[in-house]
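Some notes on the structure that comes next.
Protein chains in written order, with my numbering: chain Y, 1 to 167; chain L, 1 to 591.
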């Protein structure tokens, strides 16, 4: 679910932050209804992108927006993402076709930091602990979405949880 | 016990006195039962004069103690033993443990937990490894993955100094063990997969202050090269380290330092190997790319470069030369030679004159097809034109050895002055190599290749062998079902020790290779066995278990701690995960 954001939160916290290049046209940022007052929002903890797979304490999600991939399911963009994956040296850590190297496998359908569009976007854009660099400044928003589209086009093998050996 | 303690105190006092009296001695005095530096001695022989364990009784070797380090990263390197304390450095987060060998169960005296950045994990090319510590001047000195060198009081565990030597943001990490000579701590950085501008540094032993820094390539002025003192055996001219790189590619040319160092006190030369040039697509760096994939000889005091020899000019296969440079006095053609012996990733074993760098012997010790031979007249490989790579050549098939090397540089050999033989692990894999243009982006990989491996010829993937470096001939070889990745240890008992990737620890007859004992240690062995005399006067052998290093990348299905990282079996070692998983442990064996 998408947590509600005030209009100013959307504007201040997301659009201005992410609107950093000419390639933003496809970004869809989904905002809820404006809250009762902007001043109330300003005194609260700053919102961030909602992490959709987190456990929510007290069943009360913090305010946050959700990013949607403008290229979701676009096979042409996914092919471009495969080229970008190599061009940006992603394979240097995640292996050929993202099958895992010093960094984790990205094609197994499992995600350390969540597998929603927003979560994968944030992993690439802002980086993650334990070594994932922040690529947002270099790639821009459109570049990151192109990679997200590619990664989500990878089909996990069917026998993922079990590895077995016959004599 | 009391008598032993008194004896230890006396020997420590003597060591202290000797340390002050004999200022010319390059290393702190230590007993033959100690193991105070990574490779046992400055010659990097990994040879111990202890003979309590011998070919007659080694069959009854058994584990007497184990300890989980609590760390899953690949456990390369080896423990140290100084007096009655054993020191163990873990992979990141680089915990230093000090075990009291005088008490039952060897409880800790202390442990030191440095602050070390997790960001380094994404800049370390090949797992979070650490290759060990060095004891000198009452301090345990080692590198942290995030580019710091620390000195810790060996008695109390208190940090004495900490110096930043490398920049993680620039793709540098520190995985090697330092070498301490006189009042210098010599260190280098890994980062051949990140386009670093490779270097070595000399730190002051007492303070950690960086006394000198020298590049492994680039203009002479940055390499500590002066015309009057730099005498490479085969090349002449100024700025060899710059002129051999087209397009000024030396600026991001790699040539990291992450292996082992040795030292000749008479010549006052430190020897170390450099890693691969960056990127792996060699067409972006036309020329020989000196001094990547080379051995360099420097004076430790100020870093002056005295000679350099390049094993793999214009390396286009990732043939790092960071493996050990073992110093031994050999008889070659009736002449006594002060030799340097090196088993290179490129599959050739080299015997050089360590005073001049001139090549004496070069023969393949593993299947090789990238070159036909090495020309002793000019030191250069005779290339096989069909196995040269580059983006314009497409996918070049079936190159041997693979980029894992005929032996891993992380698996150092041993040399016995009794048998006059060298002992080394080997890896028998080949590769296809599809290079493509790579873009340099600070802090991320600068590679540009897809290079899948296949099994080498002969139906085995690795071995442990004995080698005669005077003639360049194999003497015996124990073939293994998997690439062998442990270092070697040999003793005056004429016993050699090694581990296997599937987790066996072996002792074998140093003269014949006959296996005398074997024990399954719970995880693949990529560390290096060492031996010491315990406070009880008995000889022990210690080794790390802890699968990893490159294998954490290649055989990712050995991992069990991350439910979000599930991988297919590795080719060509498809069933290694049947025999091992990750997990660091220290093992001690005795009779």
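Just so you know, even glycine gets a beta-carbon here, dropped at the ideal spot from N, CA and C. Just so you know, these numbers come straight off a predicted model, no measurement behind them.
| Query | Result |
| --- | --- |
| Separation of residue 55 of chain L from residue 427 of chain L, as counted between CA atoms | 26 Å |
| Residues near residue 538 of chain L by beta carbon distance below 8 Å, same chain, minus five either side | 52, 590, 591 |
| Residue 109 of chain L, buried or exposed, once every other Cβ within 10 Å from all chains shown has been counted against 16 | buried |
| Closer than 7 Å at the beta carbon, the chain L residues around residue 160 of chain Y | 566 |
| Enclosing alpha helix (DSSP H) for residue 554 of chain L [first to last residue] | 550-554 |
| Per DSSP, cross-strand counterpart(s) of residue 246 of chain L | Residue 246 of chain L pairs with nothing; no bridge assigned. |
| Min CB distance residue 75 of chain Y to chain L below 8 Å | no |
| Members of the region 96-119 of chain Y that neighbour chain L once the beta carbon cut-off is set at 8 Å | 96, 99, 100, 101, 102, 103, 104, 105, 108, 110, 111, 112 |
| Between the CA atoms of residue 196 of chain L and residue 298 of chain L - distance to the nearest angstrom | 21 Å |
| Spatial neighbours of residue 126 of chain L in its chain, beta-carbon cut-off 7 Å, leaving aside the 5 residues before and after | 549, 550, 553 |
| Residue environment, residue 413 of chain L, which counts as buried when at least 16 other CB atoms sit within 10 Å | buried |
| Rounded C-alpha distance that separates residue 198 of chain L from residue 535 of chain L | 42 Å |
| For residue 89 of chain Y and residue 444 of chain L, believed in contact at Cβ under 8 Å, the rounded distance | 5 Å |
| Proximal residues of chain L, C-beta to C-beta of residue 138 of chain Y below 7 Å | 441 |
| As assigned by DSSP and simplified to three states, the class of residue 94 of chain Y | helix |
| Collapsed DSSP secondary structure at residue 395 of chain L in the structure displayed | strand |
| Delimiting residues of the beta strand (DSSP E) encompassing residue 298 of chain L | 294-298 |
| Cross-strand partners of residue 491 of chain L (DSSP beta bridge) | L:48 |
| Proximity below 8 Å, CB of residue 359 of chain L to CB of residue 340 of chain L | no |
| Beta-carbon proximity of residue 89 of chain L to residue 130 of chain L, cut-off 8 Å | yes |
| Residue closest to residue 567 of chain L, alpha-carbon to alpha-carbon, out of Y:84, Y:100, Y:85, Y:59 | Y:100 |
| Alpha-carbon spacing of residue 492 of chain L relative to residue 32 of chain L, whole angstroms | 11 Å |
| Per-residue contacts from residue 192 of chain L into chain Y (C-beta, under 7 Å) | Under the 7 Å cutoff, chain Y gives no residues; its nearest Cβ is about 12 Å from residue 192 of chain L. |
| Separation of residue 255 of chain L from residue 382 of chain L, as counted between CA atoms | 22 Å |
| CB-CB length for residue 116 of chain Y against residue 155 of chain Y, believed under 8 Å | Not really, about 18 Å apart at Cβ, beyond 8 Å. |
| 8 Å Cβ cutoff met for residue 34 of chain L and residue 83 of chain L | yes |
| Members of the region 442-473 of chain L that neighbour chain Y once the beta carbon cut-off is set at 7 Å | 443, 444, 445, 446, 447, 450 |
| Nearest neighbour of residue 213 of chain L, chosen from L:257, L:466, L:248 [CA to CA] | L:257 |
| Within-8 Å CB hit, residue 54 of chain Y to chain L | no |
| Same chain, Cβ closer than 6 Å to residue 313 of chain L, five either side skipped, listed in chain order | 288 |
| Contacts that residue 82 of chain Y makes with chain L (C-beta to C-beta distance below 7 Å) | Result: empty, since nearest Cβ-Cβ is about 13 Å, beyond 7 Å. |
| Cβ-Cβ distance between residue 513 of chain L and residue 486 of chain L below 8 Å | no |
| Entirely enclosed alpha helix (DSSP H) segments - the region 344-376 of chain L, minimum 4 residues | none |
| Distance, residue 510 of chain L Cα to residue 48 of chain L Cα | 13 Å |
| Cβ pair count under 8 Å reaching 3, the region 276-283 of chain L against the region 431-440 of chain L | yes |
| Per-residue DSSP class, three states only, for residue 89 of chain Y | coil |
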